Structures are given as C-alpha cells and as structure tokens.
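Colleague: Everything in the sequence shown is counted per full-length UniProt numbering, starting at 1 for the first residue and increasing by one.
Ideal placement from N, C-alpha and C gives every residue a C-beta, glycine not left out.
No experiment lies behind these values; they were computed from the predicted model shown.
Can you read through this structure? Questions will come right after.
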Amino acid sequence: MIALQCSNITKSFGAETILDNVKLEIKANERVALVGRNGAGKSTLLKIIAGKMTYDSGEIITPKGIQLGYLDQHTGLQSDRSIWEEMLTVFTKVQQMEKTIRRLEVKMADPNVYNDQKSYEKVLAEYDQLQHDFDEHGGYQYEADIRSVLAGLKFAEFDYHTPVSSLSGGQKTRLALGKLLLSKPELLVLDEPTNHLDIETLGWLENYLANYNGSVLIVSHDRYFLDKIVSKVYEVTRTKVHVFQGNYSYYLEEKANRYQQELKAFEKQQKEVAELEDFIQRNIVRASTSKRAQSRRKKLEKMERIEKPDGAEKSAKFSFDIERQSGNEVLHIDNVSVAYNDEQSIINNMNLSVKKQESIALIGPNGIGKSTLLKAIAGKIAPVQGSITFGSKVSLGYYDQEQADLHSNKDVLHELWDDYPLTPEKDIRTVLGNFLFSGDDVLKQVPELSGGEKSRLALAKLMMKQANFLIFDEPTNHLDLDSKEVLESALLDYPGTLLFVSHDRYFLNRMATKIVELSEDGPKEYLGDYDYYLMKKDEEEQRRQLHAQQQGQTAAQHSNDKQQDKQAYIQEKEAKKEARKRQRQIEKIEQEIEDLEQAIASLEEDMLQPEVYENHEKADSIQQQINDTKSSLEEKMNNWESLQLEET
Numbered sequence: 001m002i003a004l005q006c007s008n009i010t011k012s013f014g015a016e017t018i019l020d021n022v023k024l025e026i027k028a029n030e031r032v033a034l035v036g037r038n039g040a041g042k043s044t045l046l047k048i049i050a051g052k053m054t055y056d057s058g059e060i061i062t063p064k065g066i067q068l069g070y071l072d073q074h075t076g077l078q079s080d081r082s083i084w085e086e087m088l089t090v091f092t093k094v095q096q097m098e099k100t101i102r103r104l105e106v107k108m109a110d111p112n113v114y115n116d117q118k119s120y121e122k123v124l125a126e127y128d129q130l131q132h133d134f135d136e137h138g139g140y141q142y143e144a145d146i147r148s149v150l151a152g153l154k155f156a157e158f159d160y161h162t163p164v165s166s167l168s169g170g171q172k173t174r175l176a177l178g179k180l181l182l183s184k185p186e187l188l189v190l191d192e193p194t195n196h197l198d199i200e201t202l203g204w205l206e207n208y209l210a211n212y213n214g215s216v217l218i219v220s221h222d223r224y225f226l227d228k229i230v231s232k233v234y235e236v237t238r239t240k241v242h243v244f245q246g247n248y249s250y251y252l253e254e255k256a257n258r259y260q261q262e263l264k265a266f267e268k269q270q271k272e273v274a275e276l277e278d279f280i281q282r283n284i285v286r287a288s289t290s291k292r293a294q295s296r297r298k299k300l301e302k303m304e305r306i307e308k309p310d311g312a313e314k315s316a317k318f319s320f321d322i323e324r325q326s327g328n329e330v331l332h333i334d335n336v337s338v339a340y341n342d343e344q345s346i347i348n349n350m351n352l353s354v355k356k357q358e359s360i361a362l363i364g365p366n367g368i369g370k371s372t373l374l375k376a377i378a379g380k381i382a383p384v385q386g387s388i389t390f391g392s393k394v395s396l397g398y399y400d401q402e403q404a405d406l407h408s409n410k411d412v413l414h415e416l417w418d419d420y421p422l423t424p425e426k427d428i429r430t431v432l433g434n435f436l437f438s439g440d441d442v443l444k445q446v447p448e449l450s451g452g453e454k455s456r457l458a459l460a461k462l463m464m465k466q467a468n469f470l471i472f473d474e475p476t477n478h479l480d481l482d483s484k485e486v487l488e489s490a491l492l493d494y495p496g497t498l499l500f501v502s503h504d505r506y507f508l509n510r511m512a513t514k515i516v517e518l519s520e521d522g523p524k525e526y527l528g529d530y531d532y533y534l535m536k537k538d539e540e541e542q543r544r545q546l547h548a549q550q551q552g553q554t555a556a557q558h559s560n561d562k563q564q565d566k567q568a569y570i571q572e573k574e575a576k577k578e579a580r581k582r583q584r585q586i587e588k589i590e591q592e593i594e595d596l597e598q599a600i601a602s603l604e605e606d607m608l609q610p611e612v613y614e615n616h617e618k619a620d621s622i623q624q625q626i627n628d629t630k631s632s633l634e635e636k637m638n639n640w641e642s643l644q645l646e647e648t
C-alpha cells in the first residue's frame with residue numbers, strides 16, 4: 001500500500017526554481033529520509049506534502065482518510081494549558097467515548113431499561129461496540145502513553161500542571177514532538193526532529209520511530225539517527241530528487257558509485273563520438289568511403305547523447321593548522337565548581353586532565369553543565385572554586401554554539417578582516433570563498449546570515465587563529481551533512497588538541513579518542529570512541545541488573561527464611577494451643593465419666609431396694625436409666641481414647 005505519492009511536483013520562488021518535476025513515493029510502514037544541502041528545498045517539499053505551502057504543478061496522492069502529522073523544525077507549542085492538559089487534547093475523542101460508556105453503564109442499571117429486554121439488548125449492543133472502539137483507540141492506556149512519551153522526552157521530572165507558556169523554546173519544541181507522536185498519524189512528516197534532544201532522548205526517539213506503526217518521512221542532519229532509522233533515502237540536489245534504497249551510509253556509497261559509473265559511460269560515449277566524427281571528417285569527401293562515412297553520420301545523429309554527470313556541488317574547503325606545538329600537558333582542571341548567571345553551581349568539584357593531541361568529547365544530559373564548563377575553560381565565566389590551568393605554549397581557540405563572538409554591526413568581510421587586519425583583502429576573500437562566501441555574499445550583514453552561514457563564518461575565524469587547543473561547543477549544529485563531513489575531515493587532520501561537546505553521535509564516533517560523561521555523580525572517563533562508550537555502558541547496565549538480581553535473590557531468600565521462621569513459630573504456637581485445648585477436653589470428659597459411673601452405681605443400688613425390684617414398672621424405668629447412662633459412658637470413653645491418641 002502506498003502512503004504518499006508525489007508526482008512531478010514543481011515549485012518556484014520568483015524566477016528561481018527550487019523543485020523541478022519531483023517524484024517521491026512512500027509505502028506503508030516505510031522509514032524514508034530526505035537529505036540535501038541547506039537551501040536545496042527539503043523543508044519546502046515537506047511543507048508542500050503537509051499542505052502548508054502551495055506548489056506550481058504536479059500532484060500529491062494519498063489514500064482516502066489517511067492521517068498526516070507534520071512537525072516543522074521551528075515548531076513550538078503555544079498554549080495556555082498545562083503540560084498534561086495539552087497532551088490530553090490528543091485524546092478528546094477517546095475521553096468523549098469514555099463518558100458515553102459511563103453513561104450507558106448507568107442506563108443499563110436503570111430498572112426501566114433492565115426489565116425491558118428489547119431496550120436492554122439495544123443498549124447492551126451499543127455498549128459492546130463502544131467498548132470495542134474505545135479499546136481500538138487506546139482508551140485503556142492513553143494516560144500511560146502520555147506518561148511514557150513525556151518521560152522519553154525528558155518531562156518526567158516536571159510537574160504536569162506546569163503551564164506550557166512557561167517552558168523554554170527547546171522544551172516547547174520537544175512537547176510539540178511528543179503531542180504529534182501521541183496522535184499516531186499513519187504518516188509522520190518530521191523536519192529536524194532531533195533538534196534540542198540530548199543523546200539519551202535521541203536513543204529513545206530512535207527506538208520509538210523504529211517500532212512506530214506507520215510511515216515516517218524525516219529531514220535530519222543527524223547521520224547516526226538516519227542510519228538507525230531509515231531504509232530509503234531521497235536526495236534533493238539541483239532542483240531534482242534521486243532515490244537510494246538503503247540507509248544513509250548506503251546512500252553515500254551508492255551515490256559515489258553511481259557518479260563513477262555515469263562518468264565512465266559518458267567518457268566512453270565521448271570517445272566513441274570523437275572516433276565517429278574523425279572518421280566522417282576524413283572519409284566523407286572520398287568516393288570510395290563516402291557511403292561508410294554517411295552511415296557513420298546517421299549513427300551519430302541517432303545516438304542518444306549521455307549528459308556529463310553533475311559532480312558534487314561546491315563544498316566548503318578548509319583545514320585547521322597550528323602556529324606552534326603545545327607541551328604535553330594541555331589542560332588541568334582541579335576541583336572546579338562553576339555556576340551560571342550567579343545561580344547554584346552546575347559543575348561541582350570537577351577534575352579533568354587533557355593531554356597533547358587528545359580528542360575528548362564531553363557528553364551528558366541537557367542542563368548538566370557541559371557548555372558552562374567549556375565557557376569557564378575559555379575564560380568566558382569564572383569558576384566559583386578550584387583552578388583551571390593551561391600547559392606550556394597552549395593557544396586556545398573557542399567555538400561558541402550561540403555565535404556570541406560574531407558582531408551584529410559588521411558585514412561578513414570585515415567580521416573576519418578586522419580580526420586579522422594585516423592579512424591582504426584578497427587572502428581574506430579566498431578564505432571566505434573556501435567557506436562558501438563568494439561574490440556579494442561577503443557584503444552580507446552578520447544578522448542577515450542563516451544559522452549555517454554563521455557557523456561557517458565562526459569556523460573561518462577559528463581556522464585563521466591557528467590555535468593548538470580547540471574547544472568546540474556543538475560545532476555541527478546548523479551545518480548540513482556535507483559541511484559536517486568537511487569539518488570532520490579537517491579536524492581528523494588537525495595536529496593539535498580537541499575538547500568538544502556534541503550531540504551528533506556520528507561526529508562523536510569519528511572524532512573522539514576519549515569520552516567524558518558528566519552526571520550528577522561527577523565525571524566518568526571512557527577511553528575510546530562513542531561505540532566503545534555504548535558498549536561499556538551496556539556492560540555496566542548488565543552488571544547493575546545482575547547485582548540487583550542477586551541482591552533481590554538474597555533478599556528474597558532472607559525474606560523466605562524469615563517467613564519460614566515466622567510460620568514455624570505460628571505453627572508451634574497453634575500446636576501448643578491445640579494441646580492445651582485437648583487437655584482441657586480430656587479433663588472435662590474424665591470428670592463426666594466419673595459422674596456417669598457414680599450415677600450408674602447409685603441406680604444399681606436403687607435396683608436392690610425391695611420397693612423397686614418388687615414393682616415391675618419401677619424396676620423397668622430404673623433399668624432403662626441405667627442402660628442410657630452406660631451408653632453415654634461408652635460414648636465418653638470413646639472420645640477420651642481419641643483425645644489420648646491425638647495427644648501422643
């Protein structure tokens with residue numbers, strides 16, 4: 001079943017064509033990525049698919065009744081409701097069904113309905129159908145689903161009565177994502193859903209989308225995320241869209257292979273064309289060979305020409321060099337505590353050593369203080385306590401994810417040139433050209449730049465500094481996939497030392513030689529890349545679970561022993577109680593036996609009296625009493641013997 005089909009979609013802004021005859025198809029339960037350079041038209045295509053933007057020509061086809069859910073990369077919930085109330089709005093229909101079910105239950109209990117079989121059966125049929133629909137729509141678990149999604153998106157610690165309006169922009173974006181996931185549309189269209197997510201939350205989202213019951217179309221610059229999720233990639237490039245059946249890594253490999261094959265086919269045809277043209281030119285005027293030349297000319301005219309394949313679009317081109325080497329000891333952090341904006345300390349008693357040419361990644365949940373620590377190392381804020389010491393000949397370069405070092409009153413050219421006034425203008429322009437600022441681009445004002453352009457400008461300034469110790473705070477934010485790969489290649493060849501914060505796991509895996517995990521318990525070091533860190537974390541979790549299981553078994557055994565002791569005590573107590581009870585019964589029966597024996601002896605004495613044995617009726621009556629008493633005595637004796645046996 002096809003969930004979405006785009007046929008020959010064309011979109012222009014003025015004279016500039018952004019999308020030209022684009023074709024795209026998504027099947028039921030497919031996970032599809034849309035990739036391409038910043039400005040290639042990815043977000044435009046998503047908005048067209050979601051019905052948020054018109055298009056010039058073409059057709060969008062979806063099955064009747066299919067629900068499409070769209071998340072814009074700049075979406076943030078705007079609501080006067082609380083977090084919980086806002087999430088409940090997804091389930092308005094289910095809540096109405098629940099109220100109707102309760103109403104029908106009351107109706108079925110009404111004697112007027114209950115005693116009228118026809119009315120009762122009608123209400124019962126409606127009730128059964130409604131219960132089935134309620135279950136189908138997740139009526140028995142929607143509150144649990146809300147809690148699960150909120151926990152996955154790091155809202156578990158929030159008071160659910162918190163107004164949405166009081167949240168930060170990133171939190172509102174996460175909440176918008178959560179609301180969309182809870183609505184469970186048949187087709188999810190997500191534009192940069194990984195923005196504002198830390199590594200733990202990214203892992204949760206990957207797992208959620210991998211098991212999602214529906215189709216997913218994603219734009220993301222997170223290559224690790226794409227490799228885990230998607231099975232098909234559409235690339236938007238030069239107004240066209242090309243499809244690749246596989247994940248992101250397959251797409252990169254296949255794209256390179258296709259280019260080489262197309263280039264070989266083009267070169268082969270060009271050689272053939274050149275040979276035909278040469279033969280025609282040499283032989284067309286000669287009578288003996290003219291017919292052969294004419295035949296070759298016809299062949300040449302009928303030949304379907306192969307166009308030269310487009311090479312890769314122009315990429316940024318840069319490298320990081322150093323002016324001089326540092327000493328072996330680059331940085332030493334001793335018992336440092338850092339607060340931000342005079343608030344309570346975020347980093348407490350931090351210790352860390354950085355050696356020459358190490359590449360260290362700081363990771364941890366949002367809010368743990370990673371960026372704050374980098375600011376303290378870069379001298380942007382002062383630590384509350386402890387010391388930050390640099391080694392011999394260390395020169396520092398700092399990349400701020402907020403681009404705070406860029407000036408709002410300068411153009412691109414002077415933003416760089418004013419920092420290096422002795423460098424000739426043509427050299428400054430060459431550097432900017434390597435970072436894709438060409439022609440009039442260098443005259444753009446800094447505030448007019450996009451996030452990606454600001455990132456490239458900040459990287460250009462950092463490259464010119466030639467520092468031997470680079471500190472990066474989220475360097476891949478705002479960079480498209482191609483620019484990320486260029487940055488990685490430049491940093492892999494960098495001869496200095498790196499300390500960086502990143503949520504880009506692909507970048508972490510390629511760049512890090514050591515992972516330092518920050519948590520409330522303090523820093524913990526893992527010597528290796530990100531995959532090694534994951535492996536060690538998994539081992540730690542398995543050991544923790546095993547230890548918890550063993551503790552649980554020990555506690556269970558201890559509890560079982562205590563329970564057995566308690567049971568034995570209770571049983572012993574009950575046994576003694578029963579023994580005392582039997583003893584009292586024995587003593588009571590023995591007294592009753594003695595009384596019966598005395599009664600029999602007295603009656604037998606009466607039988608010896610003349611007035612009795614001479615009176616036949618009186619004698620018969622006393623004899624009957626003797627017989628009845630002996631019968632009672634025998635019964636008492638049997639009871640006494642039974643109790644004696646129980647006692648032994």
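(1) Just to confirm before moving on: does the CB-CB distance between residue 462 and residue 399 stay below 7 Å?
(2) Quick one: give me the first and last residue of the alpha helix (DSSP H) that residue 183 is part of.
(3) Report buried or exposed for residue 13, applying the criterion of at least 16 other Cβ atoms within 10 angstroms of its Cβ.
(4) According to DSSP, which residues form a beta bridge with residue 445?
(5) Is the beta carbon of residue 549 less than 7 Å from the beta carbon of residue 323?
(6) List the residues that DSSP assigns as beta-bridge partners of residue 478.
(7) Give the C-beta separation of residue 430 and residue 469 to the nearest angstrom, bearing in mind that I take them to be a contact with Cβ-Cβ under 8 Å.
(8) Confirm, please, whether the CB-CB distance from residue 506 to residue 224 is below 7 Å.
(9) Put residue 385 into one of helix, strand or coil per three-state DSSP.
(10) As a quick exercise: from 402, 490, 499, pick the residue whose alpha carbon is nearest that of residue 330.
(11) Do you know whose CA, among 115, 208, 326, lies nearest residue 396's CA?
(12) Tell me the DSSP secondary structure of residue 227 in three-state form.
(13) Throw me the rounded Cβ distance for the residue 486 and residue 353 pair, which I believe falls under 8 Å.
(14) Mind checking which residues open and close the alpha helix (DSSP H) that includes residue 132?
(15) Is DSSP giving residue 315 helix, strand or coil here?
(16) What does residue 5 pair with, by DSSP beta-bridge criteria?
(17) Out of 193, 228, 220, point me to the one whose CA is closest to residue 210's CA.
(18) Using DSSP with H/G/I as helix, E/B as strand and the rest coil, what is residue 308?
(19) Using the Cα positions of residue 288 and residue 267, report the straight-line distance between them to the nearest angstrom.
(20) Exposed or buried, which one is residue 453 when buried takes at least 16 other CB atoms within 10 Å?
(21) In the DSSP output, which residue or residues are listed as bridge partners for residue 16?
(22) Closest to residue 147 by C-alpha separation, out of 193, 187, 86, 166, would be which residue?
(23) Note down, in chain order, each residue of its chain lying with its Cβ closer than 8 Å to the Cβ of residue 58, except the 5 sequence neighbours on either side.
(24) Using C-beta distances below 7 Å, list every residue in its chain close to residue 597, excluding the 5 sequence neighbours before and after it, in chain order.
(25) Near residue 442, which residues of its chain fall below 8 Å by C-beta distance, leaving aside the five closest residues on each side in sequence?
(26) State the Cα-Cα distance for the pair residue 92 and residue 554, rounded to the nearest angstrom.
(27) Considering only residues of the same chain and omitting the five flanking positions on each side of residue 98, which have a CB-CB separation below 8 Å?
(28) Pick from 391, 393, 464: whose alpha carbon is nearest that of residue 418?
(29) Report the rounded CA-to-CA distance for residue 116 versus residue 124, giving the unit in angstroms.
(30) Residue 284 by DSSP, collapsed to three states: which one?
(31) Kindly indicate the opening and closing residues of the beta strand (DSSP E) around residue 192.
(32) Spell out the partners DSSP gives residue 517 in its beta bridges.
(33) For a test of the three-state rule: what should DSSP assign to residue 350, helix, strand or coil?
(34) What does DSSP give as the partner residues of residue 163 in its beta bridges?
(35) May I have the straight-line CA-CA distance separating residue 519 from residue 363, to the nearest angstrom?
(36) Residue 181 and residue 149: beta carbons closer than 7 Å?
Modeller: Looking at the atomic coordinates:
(1) Counting from 1 along the sequence shown, the entry for residue 462 is found at position 462. Counting from 1 along the sequence shown, the entry for residue 399 is found at position 399. For residue 462 and residue 399, yes; Cβs fall inside 7 Å.
(2) On the sequence shown, position 183 is the one that residue 183 refers to. Segment 169-183, the alpha helix (DSSP H) holding residue 183.
(3) On the sequence shown, position 13 is the one that residue 13 refers to. Exposed.
(4) Residue 445 sits at position 445 when you count from the first residue of the sequence shown. According to DSSP, which records beta bridges pairwise, residue 445 is partnered with 411.
(5) Position 549 of the sequence shown, counted from the start, is the residue given in the question as residue 549. Position 323 of the sequence shown, counted from the start, is the residue given in the question as residue 323. No, the Cβ-Cβ distance between residue 549 and residue 323 is not below 7 Å.
(6) Reading the sequence shown from its first residue, position 478 is the one you call residue 478. Per DSSP, residue 478 has no beta bridge partner at all.
(7) Numbered from 1 along the sequence shown, position 430 holds the residue referred to as residue 430. Numbered from 1 along the sequence shown, position 469 holds the residue referred to as residue 469. Contact between residue 430 and residue 469 does not hold, since the beta-carbon distance rounds to 26 Å and is not under 8 Å.
(8) Numbered from 1 along the sequence shown, position 224 holds the residue referred to as residue 224. Numbered from 1 along the sequence shown, position 506 holds the residue referred to as residue 506. The answer is yes: Cβ separation under 7 Å.
(9) In the sequence shown, counting from the first residue as 1, residue 385 sits at position 385. Reduced to three states, the DSSP call for residue 385 is strand.
(10) Counting from one through the sequence shown, the residue named residue 330 turns up at place 330. With distances taken between Cα atoms, residue 330 lies closest to 499.
(11) Within the sequence shown, numbered from 1, the residue matching residue 396 stands at position 396. Restricting attention to 115, 208, 326, the CA atom closest to the CA of residue 396 is found in 326.
(12) Reading the sequence shown from its first residue, position 227 is the one you call residue 227. Residue 227 carries a helical assignment under DSSP once its states are collapsed to helix, strand and coil.
(13) Looking up residue 486 in the sequence shown gives position 486. Looking up residue 353 in the sequence shown gives position 353. In this structure residue 486 is not in contact with residue 353, their Cβ atoms being roughly 31 Å apart against a cut-off of 8 Å.
(14) Against the sequence shown, residue 132 aligns to sequence position 132. That run of the alpha helix (DSSP H) goes 117-136.
(15) In the sequence shown, the residue the question calls residue 315 occupies position 315. Shown here, residue 315 sits in coil according to DSSP, grouped into three states, outside any helix or strand.
(16) Taking the sequence shown and counting its residues from 1, the one referred to as residue 5 is at position 5. Answer by DSSP bridge pairing, in chain order: 25, 61.
(17) Locating residue 210 in the sequence shown gives position 210, counting from the first residue. The candidate whose alpha carbon is nearest that of residue 210 is 228.
(18) On the sequence shown, residue 308 is found 308 positions in, with the first residue counted as 1. Residue 308 falls in the coil class under three-state DSSP.
(19) Position 288 of the sequence shown, counted from the first residue, corresponds to residue 288. Position 267 of the sequence shown, counted from the first residue, corresponds to residue 267. Going by the C-alpha atoms only, they are around 31 Å apart.
(20) Counted from its first residue, the sequence shown places residue 453 at position 453. Buried: at least 16 other Cβ atoms inside 10 Å.
(21) Position 16 of the sequence shown, counted from the first residue, corresponds to residue 16. Beta-bridge pairing links residue 16 to 13.
(22) Translated into positions along the sequence shown, residue 147 becomes position 147. Taking only the C-alpha atoms, the option nearest residue 147 is 86.
(23) Position 58 of the sequence shown holds residue 58. Cβ within range, chain order: 6, 7, 8, 9, 10, 21, 22.
(24) As a first step, residue 597 must be located in the sequence shown, where it is residue number 597. Cβ neighbours of residue 597 beyond the five flanking positions: 633.
(25) In the sequence shown, counting from the first residue as 1, residue 442 sits at position 442. Within the same chain, residue 442 has close Cβ partners 411, 412, 413, 429, 432.
(26) Here residue 92 is taken as the residue at index 92 of the sequence shown, counted from 1. Here residue 554 is taken as the residue at index 554 of the sequence shown, counted from 1. Residue 92 and residue 554: Cα-Cα distance of roughly 48 Å.
(27) As a working mapping, residue 98 is identified with position 98 in the sequence shown. Within its own chain, the residues whose Cβ lies closer than 8 Å to the Cβ of residue 98, once the five positions on either side in sequence are excluded, are 134, 139, listed in chain order.
(28) Mapped onto the sequence shown, residue 418 falls at position 418. Out of 391, 393, 464, 464 has the C-alpha closest to the C-alpha of residue 418.
(29) In the sequence shown, counting from the first residue as 1, residue 116 sits at position 116. In the sequence shown, counting from the first residue as 1, residue 124 sits at position 124. Going by C-alpha positions, residue 116 is about 12 Å away from residue 124.
(30) As a working mapping, residue 284 is identified with position 284 in the sequence shown. Correct three-state label for residue 284: coil.
(31) Here residue 192 refers to the residue found at position 192 of the sequence shown. Note, residue 192: premise wrong, no beta strand (DSSP E); not H, not E.
(32) Reading the sequence shown from its first residue, position 517 is the one you call residue 517. DSSP lists 363, 524 as the beta-bridge partner residues of residue 517.
(33) As a first step, residue 350 must be located in the sequence shown, where it is residue number 350. DSSP places residue 350 in strand when its eight states are reduced to three.
(34) Here residue 163 corresponds to residue number 163 of the sequence shown, with the count starting at 1. Paired residue(s): 82.
(35) On the sequence shown, position 519 is the one that residue 519 refers to. On the sequence shown, position 363 is the one that residue 363 refers to. Note on geometry: alpha-carbon atoms of residue 519 and residue 363 lie some 9 Å from one another.
(36) Counting from one through the sequence shown, the residue named residue 181 turns up at place 181. Counting from one through the sequence shown, the residue named residue 149 turns up at place 149. It is a contact, given that the beta carbons lie within the stated cut-off.
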